[in-house]
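Notes follow once the structure below has been shown.
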Amino acid sequence: MEKGDTSMAEEQQKTEETFSAHHLTIPQGLTQNEFDELKESITEFHTYRVNTGQCKSLLARRVHAPLDSVWSVVRCFDKPQTYKHFIKSCAVEEGFNVTAGRTRDVNVISGLPAATSTERLDILDDDRHVTGFTIIGGEHRLRNYRSVTTVHGFEREGKIWSVVLESYVVDVPEGNTEGDTRLFADTVVKLNLQKLAAVTEGLAREGDGRSQVM
């Protein structure tokens, strides 16, 4: 291949690939101060290489519960139904432990354009409160779906709360638009984050420090 041909191919690859820029726009529901504090984490954990035919998004949820309470639920890769809607059951292999590379088989409730989903845990960092997974199989339309969730603790004037960030990148199914795909995926993520807030805020109210929680 001639040198000129190589350069043209490389240039075409560049035009077909972009990187998400979630750190430039405040997600709905966050204050400017929260966003400013989270920008570094957004850049580090929620930046994706996005190919032609894919869409991406970043969503945020403020949770009136301490970080430890929220993280204790988010980290349970083998029990996503604890805070995720639309899951009928989740199965993992015997002797399962929550480490990167492990998989889960999720059965989805009827009425959605999906039946099953096989998902691989990509990262679980208990120190930095980061987890993420990729859908690697199953009967569904979310091909090459990859997601990262991070949990961040805040404390101001004696008040304690958390912010959960969840981002994803996914293929746009044939016959669908990028907008349709993002609307569907965003809706599911938002509902899951709402349920996460309800579950963990309930845990916080039952725990000791209820007067400290924002």
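So for the sequence shown, UniProt numbering puts the first residue at 1; every next one is plus one.
We put the CB at the ideal spot given by N, CA and C, even for glycine.
How about V172 and A185: are their beta carbons less than 8 angstroms apart? Taking C-beta atoms as the reference points, V172 and A185 fail to come closer than 8 angstroms.
Residues that Y168 bridges to, as DSSP identifies them: Assignment of beta-bridge partners to Y168 by DSSP yields S57 and S147.
Tell me which residue opens and which closes the beta strand (DSSP E) that E157 is part of. From DSSP, E157 is part of no beta strand (DSSP E); its letter is neither H nor E.
Would you list, in sequence order, the uninterrupted alpha helix (DSSP H) runs of no fewer than 4 residues that lie entirely inside the segment 78-105? Counting whole runs of 4 or more residues, the segment 78-105 contains no alpha helix (DSSP H) stretch at all.
Whether E119 touches T99 by CB criterion (8 angstroms): No, Cβ-Cβ distance for E119 and T99 is not below 8 angstroms.
For Y83 and T200, I'd like the C-alpha separation in whole angstroms. Their Cα atoms are separated by approximately 9 angstroms.
For S89, count neighbouring C-beta atoms within 10 Å of its own C-beta (all shown protein chains included) and say buried if the count is 16 or more, exposed if not. Result: exposed.
Using 10 angstroms around the beta-carbon of I42, count the other beta-carbons present and answer buried if the total reaches 16, otherwise exposed. Residue environment for I42: buried (at least 16 other C-beta atoms within 10 angstroms of its C-beta).
If you draw a straight line from the alpha carbon of K159 to that of V70, how long is it in whole angstroms? One C-alpha to the other measures close to 16 angstroms.
Pick from D180, D105 and A65: whose alpha carbon is nearest that of F154? For the options D180, D105 and A65, the alpha carbon positioned closest to that of F154 is the one of A65.
Mind checking whether A21 and V163 have CB atoms under 8 angstroms apart? Pairing A21 with V163 gives a Cβ-Cβ distance that is not under 8 angstroms.
The segment 177-184 touching the segment 73-83, judged by at least three CB pairs closer than 8 angstroms: With a cut-off of 8 angstroms on Cβ pairs, the segment 177-184 is not in contact with the segment 73-83, counting fewer than three such pairs.
So, under 8 angstroms CB-CB, A114 and R141 are touching, yes? Tell me the CB distance rounded to an integer number of Å. Contact between A114 and R141 holds: their C-beta atoms lie close to 7 angstroms from each other, under 8 angstroms.
Thinking just about the alpha-carbon of each residue, which of F96, I87, K39 and D125 is nearest to the one in T116? Closest option to T116, Cα to Cα, is I87.
Could you please give the first and the last residue of the uninterrupted beta strand (DSSP E) stretch that includes D125? Under the DSSP assignment, D125 falls in the beta strand (DSSP E) whose first and last residues are T116 to D125.
Enumerate in chain order the residues of its own chain whose CB-to-CB distance from A198 is below 8 angstroms, with the five nearest sequence positions on each side excluded. Contacts found: none.
Reference T149; option with closest CA among G95, D68, F45 and T187: Of the candidates G95, D68, F45 and T187, the one whose C-alpha sits nearest the C-alpha of T149 is F45.
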